[in-house]
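For reference, the structure is listed below as structure tokens.
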Amino acid sequence: MNKKEQQEMEDLKTRLSLKFTDEVKPDLMPPESRSDLIVNGYHFNSHTKIVSEACTSSTYHNVWGWDKTTTKGAKALYSSRILAYKAMRNELELQFAKQLRTIDKKIEELGENQ
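Residue 77 is where the sequence shown starts when you use my numbering, and the numbers rise one by one after that.
Shown next as structure tokens:
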């Protein structure tokens, strides 16, 4: 493919990315007992669009590394980067859908009054 065809293909893929995917729930739960056990996995931040290494114990977690917990509260994690990205995509789909629905409502209101 030449550059123009490649760009057309990318534009088409971008338009086709408007779809809804299945919800992906965390598959690594924090340990139940108060022990020194730390579970390693992945976490996502839908605001920054970053997937990071994370760890959790029964009482603390850390979303920027696997070696030690730093923040109060246990946290469920994802066992792989791809699961975390899929979960983030699903969360963003719902956020964007709500934003688009808000705009659609305004358009509907204006259409009825004009």
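Cβ coordinates follow ideal geometry from the N, Cα and C atoms, glycine included. Quick caveat: nothing in here was measured; it's all calculated off a predicted structure.
A direct Cα-to-Cα measurement between L92 and E184 gives close to 25 angstroms. Each residue's CA atom was taken as its position, placing E129 and G141 some 5 angstroms apart. Around the Cβ of S133, a 10 Å sphere holds 16 or more other Cβ atoms; the residue is buried. The alpha-carbon separation between E169 and H123 amounts to approximately 13 angstroms.
In terms of CA proximity to P107, H137 leads the group K95, H137, K174 and D98.
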